[in-house]
Amino acid sequence: MATDDLVHGYAQALFTVAEAEGALDTIEKELFAFAAALEQNTALREALTDPSLPTANKEAVIDELLGDRFHPASRNIARFIVGSGRGKEFGPIIHELATVAAERRRHVLAEVRTAVPLTEERRAKIAAALSSATGREVEIKDVVDPSIIGGVIAHVGDQVFDGSVASRLEDAKQRLGA
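First residue of the sequence shown? That's 1 in our numbering, and the numbers climb one at a time after it.
And the structure:
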């Protein structure tokens, strides 16, 4: 398990790099998307975290996947995290990077999970509802997660707003004693 200090230290350093590149928003968005892909793809996650595989092989996988579609700094950061043996902490590090960036913009980060990609209109409505609930400007990072079936699960700091179909089905199942 990653320690908070380790994750925060990496995130602060990566924030500095991304800011120096002048592409913080792009790098943050790309790395968040890659972290979500790692979370959902077991084979990829295992390949990039297997200590028996040479670092060069892991870096080649990253280069192949990210190619020219990602900012060079995004690729280098992904290679750095995995190459330094922190592939298992990739998600927490990037989430903390997004949190640090949001705080610098005086926003709060909301990780929003939906079964299908958000439209801009839906994103705006969710952001407005979360801003109203938290009393702060909300920055949404969305993750597509078909396992929730429908609806939305939003994590804002330590708060969880679960409006997913999966949780409603589970609640109904519990009430029926099944």
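The C-beta atom is built at its ideal place from N, Cα and C for all residues, glycine as well.
Counterpart residues of residue i in DSSP-defined beta bridges
| i | result |
| --- | --- |
| A154 | V112 and F161 |
| V144 | T114 |
Span separating the alpha-carbon of residue i from that of residue j
| i | j | result |
| --- | --- | --- |
| E120 | D142 | 11 Å |
| D158 | A102 | 15 Å |
| K173 | Q12 | 43 Å |
| H71 | I77 | 10 Å |
| S84 | G150 | 37 Å |
| T114 | I153 | 7 Å |
| G87 | I81 | 6 Å |
| R69 | A36 | 16 Å |
| L53 | A47 | 8 Å |
| S147 | G22 | 36 Å |
| E19 | P51 | 31 Å |
| V160 | F90 | 22 Å |
DSSP state of residue i mapped onto helix, strand, coil
| i | result |
| --- | --- |
| I149 | coil |
| E139 | strand |
| P92 | helix |
| S52 | coil |
| N76 | helix |
| N57 | helix |
| A23 | coil |
| G198 | This structure gives no information on residue 198, because the portion of the chain shown stretches from 1 to 178. |
| R45 | helix |
| S167 | helix |
| H8 | helix |
Cβ-Cβ separation, residue j to residue i (assumed contact under 8 Å), whole Å
| i | j | result |
| --- | --- | --- |
| I27 | A73 | 5 Å |
| I62 | Y10 | Wrong, their Cβ atoms sit about 16 Å apart, outside the cutoff. |
| V138 | H95 | Not really, about 15 Å apart at Cβ, beyond 8 Å. |
| V156 | L130 | 6 Å |
Buried/exposed call for residue i, threshold 16 Cβ in 10 Å
| i | result |
| --- | --- |
| K58 | buried |
| T42 | exposed |
| E30 | buried |
| S164 | buried |
| R75 | buried |
| V116 | exposed |
Residue-chain proximity (residue i, chain E), Cβ-Cβ < 8 Å
| i | result |
| --- | --- |
| T55 | Structure shown: chain E not included; a single protein chain is present. |
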